[in-house]
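Take a look at the structure below.
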């Protein structure tokens with residue numbers, strides 16, 4: 001490795017990792033919102049944009065991953081910083097998955113754009129709004145090491161679960177009322193299940209943040225049994 | 001920390017991490033198979049067992065995570081070993097998610113056990129068999145650093161995608177034919193989508209293994225566009 005490259009590697013410190021991860025979060029947030037916009041407006045151009053741009057999110061994940069490993073190898077951080085950087089790696093992984101979910105939603109949007117238009121989606125864009133706010137805030141919580149924000153995000157997860165349950169029941173009803181709705185409603189069930197996973201993963205990140213800051217393990221709370229059929 | 005504890009920590013080396021991760025893989029594999037058995041046999045006892053045992057998988061994840069961080073902090077591994085242990089952390093995270101999917105399937109099994117019995121599931125247990133073989137083999141690939149096994153698993157992912165697409169179409173047909181099928185078919189669509197995610201995550205692990213061994217990035221191949229409506 002050239003001296004020049006070595007120097008550049010050493011410049012990549014925790015702040016840079018945090019900054020890059022925040023950029024990654026922004027990309028994922030945009031992907032989710034755009035996929036839902038594509039769905040709402042039956043906009044195939046937007047849907048294809050999300051599918052195409054997912055490759056950039058994937059590349060970003062690999063870059064952040066390498067940056068983190070280089071940081072550990074070169075700086076040999078101790079307890080707190082080491083925990084921080086391994087958390088960053090996990091969050092990075094989670095964000096990449098969320099990007100995949102956005103891509104899945106965009107594919108459903110493409111599929112649905114070929115079908116006749118249907119009634120307004122209402123609850124699904126609402127779910128998406130909460131889910132993207134959770135993505136944004138879980139990164140805020142991480143960057144600021146702020147458990148208050150983290151707990152706030154975790155609470156919003158329950159809201160999303162309840163909405164998901166409602167969306168699921170409504171879509172079942174739509175199918176029962178008219179079999180012409182079956183194909184579209186099934187696609188939307190999958191969309192809402194991806195949004196629910198995005199909210200779930202944001203919650204996981206917040207639980208990771210709380211553990212990072214307080215050492216307290218609040219991960220893996222019991223799920224609400226009522227939501228059986230929709231999760 | 002006592003001297004005794006310190007000594008014990010140092011004993012926990014890469015082999016131990018690998019061993020624990022393999023145990024974790026076994027637990028997840030069992031959870032998936034049991035959740036499908038619960039679904040097939042309408043066995044609520046088995047379903048509840050999976051839901052209850054998920055807490056053990058969650059605990060195992062935390063243990064492995066801590067073990068990996070302690071290893072890095074105490075041994076300060078260089079390039080290869082460091083990459084190996086951070087890969088282990090990612091795989092650990094992936095396995096925990098797969099455990100969540102198994103729990104989701106078990107919850108659907110519980111839900112479906114309250115509904116009238118239906119036709120045999122056929123393709124879903126078949127998908128589950130392939131998906132669990134992928135979980136087992138992606139860990140084999142990691143432990144042995146064997147890219148041949150890894151590529152083999154990645155190929156099976158396409159098989160699962162095709163089956164998922166078929167299952168989805170069959171379930172849509174069931175719903176179209178008789179609206180009494182709608183609730184049960186929708187639950188099964190969610191089950192098959194979890195199995196597809198399990199296969200996906202096993203593929204991610206294999207791509208990680210190939211990267212670990214060869215430095216070649218085969219991650220994030222293009223998805224098959226035909227599967228739009230079922231992914």
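Protein chains in written order, with the working numbering: chain A, 1 to 231; chain B, 1 to 231. We treat Cβ as the ideally placed atom computed from N, Cα and C, and that holds for glycine.
Min CB distance residue 76 (chain B) to chain A below 7 angstroms: yes
DSSP three-state assignment for residue 215 (chain B), whether helix, strand or coil: coil
Cutoff 7 angstroms: residue 93 (chain B) Cβ touching any chain A Cβ: With 7 angstroms as the cut-off, residue 93 (chain B) counts as an interface residue toward chain A.
Residues near residue 157 (chain A) in its chain [Cβ-Cβ closer than 8 angstroms; skip 5 each side]: Excluding sequence neighbours, residue 157 (chain A) sits near 134, 199, 200, 202 and 203.
Cβ of residue 31 (chain A) within 7 angstroms of any chain B Cβ: no
Where the segment 154-171 of chain B meets chain A: residues whose CB sits under 9 angstroms from a CB there: 168 and 171
Straight-line Cα distance separating residue 118 (chain A) from residue 41 (chain A): Taken atom to atom, the span from the alpha-carbon of residue 41 (chain A) to that of residue 118 (chain A) is near 11 angstroms.
Cutoff 7 angstroms: residue 73 (chain B) Cβ touching any chain A Cβ: yes
As assigned by DSSP and simplified to three states, the class of residue 116 (chain B): If DSSP states are grouped into helix, strand and coil, residue 116 (chain B) belongs with coil.
Cβ shell of residue 67 (chain A) (< 8 angstroms), same chain only, five flanking positions each side left out: 12, 16, 17 and 20
Interface residues of the segment 182-207 of chain B facing chain A [CB-CB below 7 angstroms]: 182, 183, 186, 187, 189, 190 and 193
Cut-off 7 angstroms between Cβ atoms - residues of its own chain near residue 214 (chain B), not counting five sequence neighbours on either side: 147
Min CB distance residue 88 (chain A) to chain B below 7 angstroms: no
CB of residue 196 (chain B) within 7 angstroms of CB of residue 87 (chain B), strictly: no
Min CB distance residue 176 (chain B) to chain A below 7 angstroms: So, interface residue.
Inter-residue spacing [alpha-carbon to alpha-carbon] between residue 151 (chain A) and residue 78 (chain B): 36 angstroms
Chain A contact residues for residue 83 (chain B), given Cβ-Cβ distances below 7 angstroms: 69
Proximity winner among B:83, B:182 and B:163, relative to residue 145 (chain B) (alpha-carbon distances): B:83
Identity of the residue in B:102, B:128 and B:72 nearest residue 53 (chain B) by Cα: Looking at the Cα atoms, B:102 is the closest of the given residues.
Rounded Cβ spacing between residue 44 (chain A) and residue 126 (chain A) (contact assumed at less than 8 angstroms): No, residue 44 (chain A) and residue 126 (chain A) are not in contact; Cβ-Cβ is about 23 angstroms, not under 8 angstroms.
Residue 122 (chain A), DSSP secondary structure in three states: coil
Start and end residues, alpha helix (DSSP H) containing residue 76 (chain B): Boundaries cannot be given for residue 76 (chain B), as no alpha helix (DSSP H) includes it and DSSP labels it neither H nor E.
Sub-7 angstroms separation of residue 185 (chain B) and residue 112 (chain B) beta-carbons: no
Residue 48 (chain B) at chain A interface by Cβ criterion, 7 angstroms: no
Closer than 8 angstroms at the beta carbon, the chain A residues around residue 179 (chain B): 175, 176 and 179
Proximity of residue 94 (chain B) and residue 210 (chain B) at Cβ, strictly below 7 angstroms: No, they are not a contact pair.
Chain B residues whose Cβ lies nearer than 7 angstroms to that of residue 217 (chain A): 62
Per-residue DSSP class, three states only, for residue 67 (chain A): Residue 67 (chain A) carries a helical assignment under DSSP once its states are collapsed to helix, strand and coil.
Cβ-based neighbour list, residue 31 (chain A), same chain, cut-off 6 angstroms, excluding 5 preceding and 5 following: 50, 99 and 102
Secondary structure of residue 146 (chain A), DSSP reduced to three states: coil
Cβ neighbour criterion (16 or more within 10 Å) applied to residue 122 (chain A): exposed
Test item: CB-CB of residue 47 (chain B) and residue 55 (chain B) under 7 angstroms: Here residue 47 (chain B) is not near residue 55 (chain B), since their CB atoms are 7 angstroms or more apart.
Contacts that residue 79 (chain A) makes with chain B (C-beta to C-beta distance below 8 angstroms): 73
Proximal residues to residue 104 (chain B) (C-beta, below 7 angstroms), its chain only, five neighbours per side dropped: 194
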